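Residue numbers (the numbering used here): 2 to 157.
Report on the structure given below.
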């Protein structure tokens with residue numbers, strides 16, 4: 002019984018002091034945001050194929066947002082841009098990931114279009130295949146680049 006109380010006290014101390022300190026560490030922000038980007042891009046690709054509609058991801062230096070075309074084929078405005086609505090997550094909320102408290106740089110086309118056939122393109126019409134990498138960095142720490150292969154829809 003004494004051991005149980007001791008373990009519970011130690012867990013309480015860790016949860017009050019150590020865990021918040023670890024989560025606010027800027028060194029953890031880079032891997033966390035990189036994982037968010039990879040997850041968002043993979044979710045966009047699976048959603049495009051599953052819904053048979055164009056899904057596009059907007060990747061900024063501190064956020065990722067996903068939109069889906071309301072119809073198939075995707076409607077465009079006068080400027081040729083896709084018209085869409087926020088892509089919902091399984092719980093019904095719009096998909097977005099924001100890491101505003103950290104300093105990131107992303108070098109890539111900021112908008113990637115995931116076609117219903119599984120390809121990743123740089124335009125809504127699906128003409129120009131994407132073949133890029135996104136580099137995410139936080140503080141002085143560089144993460145591995147995220148590789149995008151448009152013809153196969155692969156995101157690493």
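In this text, a Cβ means the ideal position worked out from N, Cα and C, and glycines have one as well.
Keep in mind it's a predicted model, so treat the numbers as computed, not measured.
Going by beta carbons, residue 58 and residue 112 fall inside the 9 Å limit. Going by C-alpha positions, residue 78 is about 14 Å away from residue 86. Around the beta carbon of residue 53, fewer than 16 other beta carbons lie within 10 angstroms, which makes this residue exposed. When secondary structure is reduced to three states using DSSP, residue 153 falls in the coil class, being assigned neither helix nor strand.
From the listed residues 133, 132, 115, the smallest Cα separation to residue 126 is found for 115. Looking at the DSSP output, residue 98 shares a beta bridge with 65. Per the C-alpha coordinates, the member of 61, 149, 117, 47 positioned closest to residue 99 is 61. Exclusion of the five residues before and after residue 73 leaves 53, 54 as the residues of its chain whose Cβ lies within less than 6 Å of its Cβ.
Rounded to the nearest whole angstrom, the CA to CA distance from residue 97 to residue 44 is 12 Å. Excluding sequence positions up to five before and after residue 117, its CB lies within less than 8 Å of the CB of 49, 50, 52, 53, 54, 55, 73, all in the same chain and listed in chain order.
With contacts defined by Cβ atoms closer than 9 Å, residue 83 and residue 68 form a contacting pair. Residues of the same chain with a CB within less than 6 Å of the CB of residue 76, apart from the 5 flanking positions on each side, are 84 in chain order.
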